[in-house]
Structures are given as C-alpha cells and as structure tokens.
Amino acid sequence: KYIAVAEKQGSPRFSVYDIHTRKRLKLLGNPIKNCTCEEFVALTFTHDSKYIVGVVGEPDWFILYYNWQKGRVESHAKAIYSNNKGTVHQICANPEDKTVVVIVGEGLYRQMSVTERIWRQYGFQRAENIPLRSVCWLNVETVLAGSADGRLILVRSSELRAVYQAHKLVEIEFQAINEPQKSTISLASNSVTTEEKSGIYEVRCLIAFSRGFAFSCFSGIVTIFEKVSTFKYVRKNVVRVISPGVGDLDDVTINQIRYISVSPSEKTMAVTTFRTELYITKILVDQDIDKVPHLQFQALDNGFHHGPIASISTCVWKPLFITVGALDKTARIWDYETKKSILIKDFPNEIYSASFHPSGLYCLMGFTDKLKLLLVLIDDLRAVRQVDIKCCSLVSFSYGGSLFAAVNGECIEVYSAVYFNRLYVLEDHQEPIRSILFTYDDYSLYVCDGNGYMFKWDLALQKRLEDYTSIGLYCDIACTKDGLSCCTVSTDGTLKEAVKGEVTRMFKLEKASLNSLVMSNSNEMLVIGSETGTIYSVLYPLIHPPIYVEFYIHTAPVKKIIIGPRDTNLISVSTDGSLCIWSVLNVKKQCSNDFKNITDILVSVNDYNDKNNVIKDLGARLNEIETEHAYILQQITAGHEAALKEFHKGYLSTIEDLKFRIKQIDREHLVEMNELHTKMDHMAVAHGQQMEKQNDFYTGKLIEEYEKYEALEQKNKDITADCLKQILHIKAENEDGIKEIVREKDELITEYLQLIEKLETEITEIKQIYELLKSDISRQVEEEINRVNSKFNAIKEDLDKENHQLMCEKGIRMKQAIKYLEEIDSYKTKVRNLESEMDVMKKTELNLVQEVKVLKAELAERDWTINEKDKIIIKVTERNQELSKKKFVLSSRIEALENKLAPKGNELADQEQTVDNLMREIAQLKATVEKKGFQIDTLKRRLLANLNELKEQKCKTQAAMYLLKVIKNEVFRAKEVMFDYCKLKRIILDIYSKYDNKATMADLQTSKLMETEFVSHKRYLESIIAKVTDRIRKLKKQRSPVQTHLLNQNKFLLKELLASRQEMYRLKKLNCVSVAGAQAKILLQPDLGASYFMPGQDSVAQRPIVRHQ
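Per UniProt numbering, the very first residue in the sequence shown carries number 1; after that it's consecutive.
Set out below in structure tokens:
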C-alpha cells in the first residue's frame, strides 16, 4: 500500500507515499540532536506496515524506529558496535514480529529486538571476518545472509547452523538442532580462496518469497531456489542476463545484478543491472540444469539507450523520430503516437549525430569516419551514400528536404540531398558550431558557434546577412515561418528576440544556462529547456514581461527539444539519457497540416525478389504435396473398392437371410394375433355378466342411502332453529356485561390520574436528594482514584519484574518447543512417506483398471472408424462419377465456344482498320493541341505575373498581422492598469509613439502610385506581346529553313539576356538591402522586382517580374 523514499538533502529525511492515491502522506526527518549524518543507508517496513525501521549513515550509524502514521520516533540505538568501523548494508524486519530486525554490514551481524523502547541484541554475533552484503528472512526463525566472498550463512533460532558456498549450492535442508549440517564449511577466513576473496562470487540482492528465495552470485546470473517443504529448499532455476559491453564497461561489469523484485503472484521476476534496462523472466518453471544450464532474461519493451543520447530528429510524413546513443552505438526509431520503439540498429562505430528526412524514408548519421545517408527499411537501416566528413557533430536536413548541412570542424558544408554534391561552404567561424537551423524557405541558414556569435547566411551568395553577439554563448536558435525574426537562448539564462540584425527584446528566465529552444509551427509558442531540467512554455509573440509556464520532469540538463509537424507532440531529451514524450494541449488545427500520415515503407529489390522466390518455391512444393496426396488417395480408394465389393457380396446374402426370417416372423405373428382375438371375445362375455350383477347390487344400496339422507336433513333443520334461539339470548347478555366493564374502567382511570400527580411530587424531591448525593460521591471517587493509582503503580512494577522473568523462561521454553516440533515433524514425514507409498499402490491399481477400460474403448473406436471409412469411400466414388459427368459437359461447351470464336477473327481485322483511321485523326488533333499549347503558355505567363503580385500582397499582410499581434499584446498589458488613469494614459501614449509613423503612410501612398503605374505598364506590354504573337504566326507560314535557324539563335540569345537582367536585378536588390539594413523598421516592404528561386527549379524557367523604377 505504501512506498518510503529517502532523500539526500542536508539532513536525512524520507517521504511516505500512498500507491493508490499517489499522494505524499508523511515527511519524516531525523529528530536526534547532535547527529551529523546526511542520509539514510537502509529503510524497511515492518510486516504490518505501521512502523518503519531506518539506519542513518556515517559517522553516527543510528537505528531509528518510526511510528510513521503518528509521525514520531518510538526508539533509537546504535546500529553498529562501538569498536566497529564497518558500514551497514541492509536491514530486514521479521515477517511476523514487528519488534525484531536483523542488520548486516562489513563484519557486522546483529539480530535485535525492541521492548519498552530499549534495543537488545541476542543470538549469533561472531561475524568480524565476514563482509556481509545482503540478508533475508526465510521464515520467522530462520535468517539467510550473503557475503562478498561468496558464502551463505544460515542462522536458525538465533544460532549459527550452517555456512554454504553460494556458487556450488544445490540444496538446503534444515536438520535438527543436535544433528550436524551436511554440506557446510568453516567461518575461518583461511577457508576462503583468493578467487572468492576477489569478489567474483559476491552474493547480492538476496530476496525471499513464500515459494522460495533467490540471489545473484555471479555477473548477470540469478539462482532461484524452490521451497519443497518447511525445512528443505532445492535449486530450481538459473537465469542469466546476456548483453554486450558498452563504452568502458565490459559485459561482466555491466551485467552485474543490482536489484531483484518478485511479482505479487510470484510467477515473474524483474531485475536491473548497470545497463539502463529492465529485464523480466518467468520463475519456478521446469528446467533441466544439466542440459540447459541457463535460462535467459528478456528485456522489457525492446530496451532503451544506455548512457546519453547524442542526437534526436523527427520527420513530417510519419509520426516517427530517431535517437542515437553516444555510448551504446545504437540507433532507435520511435513512434511518438504509440510510444514504442519500432526499429533498433547496432553499429560498430560511434554515432555523433543524426537527422531524419521530412519524408521519413531516409536519415543522415555522422560516424567516426564518414557521414552516411541510410535508407529506413522495414527492419534495417542500409547505407546508400556517404560523405568524407569525420566525427560530424551536427547535421540537419532543410525543411524541403532537398538540401542538408553538416558541420566539418569549424566550417559548415551544404550538400544536395539528391545528387550528394557539395554546393556551399561557410567558413567564417573560429569555434566549434553549437547549432544550425534552416529557414522555412531553405534560402538561409542560422548558425551559432562557441565564441558567442550567431550569423544568418544567404546560401546562394555564401554571404552573412545578419550578425549577432552575446555576453553568454548562444546555445540554440528558432525562427518564424516568414524568416523575419528569430529567437535565441544563451548560457547566461536569457531569451532574446532579434529582427533584421537587431535584438528587439531580451528576458532573463533563470540564472542557469538555457540549452535548447524550439518554436511551434503555428508561431504561437516557444519551448525552452534549461540546465536545471526545467522546461518553459512561452507565449509568442513576446511581450514584457513574458507569459510562460514551467514544467518539471527531468533531473538532468535538457539537451534537445523537438516538436511534431502538427504541434501535438513534443519530445525532450536530457544528458542522463532520459527521453520524455509530451502531449501539447489546446492546439489550433491548421489547414496546411491537415493531412494523414503515410504508412508506406521502403523494400529493397533483392529482398523483394528473394521473398517472391521463396513464395514460388513454397507454391511449387505445395503443388507437389497435393499431387502426392492425390496419388495416395487414388491408391487408397482402389484398395477400398475391392474390399467394398467383397463386403457387398456378403451384405446381399445376409439381406436375403433376413428377409426369409422376417416372413417367418410375420406368420408366427398372425397365429398369435388370432389366438389373442379369441381370448378377448371370451373375456368380454364374462365381463358383461359380472357388470350386470354389480349394477343390481349398487342400485339397492343407493336407495337405502337416500332414505338415511332425508332423515339426517330433518334433524339438521331442528338443530339450526335451536342455535338461533341461543345466539339471540347470548347477545342480550353481552350488551349488559359491556356496560358494566365501561363503568369500571372509568373509575380506574380517575384513580390512576391521582396516583400520577403524587408520583410527580415525589420525583422532584428525589432529584434534589440525588444532586446532593452526586457531589458527595464525586469527591469520594476522586480520593479513591488517587488511592487506586498508587496501588496500580506498585503492582505494575511487580508485574514488570515478573514479565522480565517470564520472557527469559519463554526463550528457554521456545527452544524446548522447537526441539519437540522438529521431532514431531520428523515423525510426520515418516508417516507421510508410508501414506504416500500406500497412495502409490492404490494409484497403480486404479491405473491398471483404467488401462483395461481404455483398451476396450480403443477396440470400439477402431470398429467405428472402419465403418466411417467405408461410408467415406462410397461418397468418394459417387463424387468421381459426378466429376466425370461435369467433365463431359465442359468439353462440349468448349467445342461450342471454339465454333463461336471463328467469326470473331474477321471482326478483329475490321477493327484494326478502324484503329488506323483513328490514329490519323489523333495526329490531326495533336497539331491542334500544339496550337492551343502556345496560347496556354501566354496565359501561364500572365498567371505567373498575377501570382507574384499576390505574393507581394501576402508579405504585406504577414507584416501587418505581426504588427497587429504585437499591438494586441501591448493592449492586453495595458488592461491590467485600466482603473489607474495616469498609468493607462502613459502606456497609451507610449504605444502611440512607438507605432505611429507618418513615414509609413507616405510609403503606402507611394506604393499605391507604383501599383497603378505597374498595372498600366503591364497592360501596355500585354498589347505589345499580342501584336508580336500575331506577327510570328504570319511569319511561320512564310519563313525558310535559314530563317528558322536564325530564329532559334535569337531565342537562345534572348534567354541569356533575360538571365543576365535577372542577375543584375538581384545584385541591385542585395546592394539596396545592405545599405538600408541598419535603418529597417518592424514592417518589411517587399521588393517588386525580387525573383524567387526554389531549390531544384530550372533556371531557364525563371521569369523576372517587371520592376517599376
């Protein structure tokens, strides 16, 4: 029902929790003064869960006996001897007596009991040379303790009974007290070998349960003993943990058992090792140890990472994320919706980083020698490409998935994810890179290094667009979808927001470092992880002061946080290797993210072909087996047909014999029927005569009875008349009696009322007398109580002395009783053996009888099966006849169909001719389609121009919406002082002064003029294009081959001219942006002449938008 958890924080204390309500019930500390210890080294509940016994650590080593429900210490004493310099390793309470405990440690064994708050030691205590590590109670009188040198010490009735070698132990049997134990060794230290002293056979995690006990005495091995009887335990199972070593820990060290626990049903065991895994197994199962020396523990839920997690990344199309271990050299792919690991892959080299492709079909991993691209198959990760980057600590795919950036030392290399060729190299960093982030349009890259600098790079120009510096080192970056602003966290605990190269807001969240940062896809929330393990959820856009909520689950620094593509799930990782999956509540559903996850996977062609070949082989094998079975069935049917013919001959002869016998029986039946009819006629005549005689007799008797009835009826009438007269007389008498009774009752009521009045007067007098007596009696009672208390104290002292003597006599009597019980148990075992022999004899007799019955039943079953098989054979023959008939019908149908198909050939020839005619018509239609395609191209160019105008309008609306959000947050902050007029006025004036910009109005007017001029210019150009297209159509009809060649050359030159103009416009734009970057405001004015470049888009297909100068 309860759990006690000890804490190490200044002074020793522990908390008690209720398992069902999950609430803390008590917080208890150490009330002993002058106690300088800092922690509890051992805690245990008593068997009734009402008391907790704890031992505090050095230098005091006190044992404390808590009544935790009342929140006080009942008693305390020294847990070790005054001259002992060892330590306490474990304390264990008696399973039935709450006042008895056993303490073990380095050279320490103490069996202690508490009476009247005084602790006393009793029994065996010579353990100076034994380094004890664990202990348990097998029953009320028996203790089993394990040592570091591989010995098991058995103490029964407070006396040392035996010492065993744990790694050689097969059976434990308690003998009588006067008899010596069989397989025991000495307690002397010289009897222990050097191999045992090295600690290789250390007995750890000794635990007892009702069906036996278990312990570990070798790396990864748990030995389980089963309770055969009250005094005998036999080795039942040996279970082993098998896992490879990790990092500096070899398999022997990492597989050492640390804790063992048995389920309440005592069918399952769970253990932990130095690896961060939980292993389970079934216990007390059948095992032949000679043939199968070890069973194997199974890891729970496919296991977890051992040590810190080096990197984590998620994808967009699937609910998956990948983690790689820094020490265990494994990669794991998880499903954050089902919270399960779906793929585990071990690698020979260390893994430094990983990144998931947005599709979820590929991933990048940085190894010691290479950076590799791996395919995510159904049950494997297979490398297909690689780049010569050693120990790549950071790698990231772009949001579109067409690029990826990898850190190579102090520079960043950007590669194409399709062709795997290096596109850009960014080299202005002098310290190791701490974080990289692509913008949502994949044009730019944010980078922060270990020197306190953060840059925004333009990938196409390989040039820095924005520079930021900080007192503390930047740790992580997050940017908005439009790329206008970004947020950063640093080691000095500050959160910063920057827009176009300037830090606009800065808040200090805590004193410790902020390590990780991520922004939701809706740009409404920032999630920050700190050095203390705290996770902050901050409202975005930021206001002053920021609105945030703190969450506590990690106990180590948060290393990385990622968020799912739909903002519904969040995954955080800390440096201790723990991973937490969060559910994000109150998420607004965005239409752009309203699509289903894909469930498709990649399968290699070789695997697919191998599986198909296996299926084909199995199909061929199945056909072979079917033919074999058909042949065997045919042979069986042939054999049974011969037997059936012979049986049929015998069957016909028996039928004829039975028909002859039936005829004979019919003749005999007719003779018997005739004889019965004659007998029935004679009996009917005799019965009729008898009925006539009885009728005459009963008619005479009926007349006599009728005469008697008439006489009785007359007599009844006379009696009823007399009864009526008597009833009338009795009613008159009753009325007179009732009147007399009423009169008497009235007289009695008056008398009783007079008596009640007298009694009330007497009661008032008695109450007065009672109060006087009450005061006298209370005084006398107090005097008597004082006298009785003095006598009780004297009697109590006498009883305590007698109780102490009785306790001593009880110990002697208990030992005698244990001797007698052991003798009784030995006699009982002899009787049980004799009874078991008798039972065995009886069982053998019953088994023989049952065998006879079984043999008879088998004979009956064989006869029945022969009859059933004969029936099956008949059915099979009938089925064969039906199939032959069907075969004949089908063959006739096939011939009819062949006759019908003959005229169809002529129709096919006619249809081929019609197909040729249709092909000619299609060629004519293609020519018309080409003409229409030219018209469609012109319309597409107009559509692209309109789309670019729409993009510009969207940029303006996004900037306006951002400004509107910021103003709303400022107005919301002003709401808090709405009742204070002065403060409200000051805040409103500040908002007005901050966002009122007359220049913006002028810019809007100029932009409107530019738009009108742009529309007029556009119409003029469209008219020119229409004229040119008409002229081209006319020239196409008249031009010669030379003219067509010149026309193609002119087209090529025009394309190069358009590309050069586009490059010139882009360079002009960059120069304008670099000049005006220092004076930029919150609103971003889009450039009408900007050309947009998407990764992977053909440069020839780019069309420059006309820019109004």
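We treat Cβ as the ideally placed atom computed from N, Cα and C, and that holds for glycine.
Every value quoted in this text rests on a predicted model; they were computed, and no experiment measured them.
- If you ignore the 5 residues before and after L465, its C-beta comes within less than 6 Å of the C-beta of K456 and D458, all in its own chain and listed in chain order.
- Shown here, Q430 sits in coil according to DSSP, grouped into three states, outside any helix or strand.
- By the neighbour-count definition (other C-beta atoms within 10 Å, threshold 16), H76 is a buried residue.
- A check of alpha carbon separations from K340 across A310, V376 and G303 identifies G303 as the nearest.
- In the three-state reduction of the DSSP assignment, T1012 falls in the helix class, which pools H, G and I.
- Under the Cβ criterion (8 Å, minimum of three pairs), the region 530–540 does not count as touching the region 313–330.
- In the three-state reduction of the DSSP assignment, K26 falls in the strand class.
- Within the region 243–313, the alpha helix (DSSP H) runs of at least 4 residues that lie entirely inside it are, in chain order, 251–254.
- T761 has its alpha-carbon roughly 27 Å from the corresponding atom of E744.
- Going by C-alpha positions, S1023 is about 47 Å away from E524.
- Contact annotation: I200 and A214 have beta-carbon atoms that are not nearer than 8 Å.
- Cβ contact annotation for V228 (same chain, cutoff 6 Å, sequence separation greater than five): V234, in chain order.
- Short of 7 Å from the beta carbon of Y440, and not among the five residues preceding or following it, lie these beta carbons of its own chain, in chain order: Y399, K481 and G483.
- In the structure shown, the three-state DSSP call for Y81 is coil.
- The secondary-structure analysis by DSSP pairs V239 across a beta bridge with V222 and L295.
- Fully enclosed beta strand (DSSP E) runs of no fewer than 3 residues occupy 23–29, 40–45, 52–56 and 62–67 of the region 20–75, in order along the chain.
- Just so you know, the alpha carbons of R779 and N786 end up roughly 11 Å apart.
- In the DSSP annotation of this structure, the continuous segment of the alpha helix (DSSP H) that includes K197 starts and ends at T194 to K197.
- Comparing alpha carbon positions, the residue from D746, G529 and Q125 closest to E550 is G529.
- Here H357 carries a coil assignment [DSSP, helix/strand/coil].
- In the three-state scheme derived from DSSP, where H, G and I count as helix and E and B as strand, G409 is classed as coil.
- Here DSSP, grouped into helix, strand and coil, assigns G639 to helix.
- Taking the Cα positions, L517 is about 16 Å away from G450.
- When the beta-carbon positions are compared, C205 and S216 come within less than 8 Å of each other.
- Closest in C-alpha terms to F438, from the list S402, Y122, V418 and R422, comes S402.
- Three or more Cβ pairs closer than 8 Å define a contact, and the region 6–13 meets that threshold against the region 30–49.
- Using a Cβ-Cβ distance cut-off of 8 Å, the region 345–353 and the region 578–585 are not in contact, since fewer than three pairs of beta carbons, one from each stretch, lie closer than that value.
- For T914, the secondary structure class from DSSP, reduced to helix, strand or coil, is helix.
- Cβ atoms of V104 and V135 come within 8 Å of each other, at about 4 Å.
- Here Y17 has I3 and R24 as same chain residues with Cβ atoms under 6 Å from its own Cβ, once five neighbours each way along the sequence are excluded.
- The residue from Q287, F297, V292 and D288 with its alpha-carbon nearest to that of T281 is F297.
- Residue pairing by DSSP places C392 opposite no residue, since no beta bridge is assigned to it.
- Rounded to the nearest whole angstrom, the CA to CA distance from E510 to R240 is 47 Å.
- G360 places its beta carbon 8 Å or farther from that of V384.
- For the pair K796 and S790, the Cα-to-Cα distance works out to about 10 Å.
- For H89, the enclosing beta strand (DSSP E) covers residues V88 to A93.
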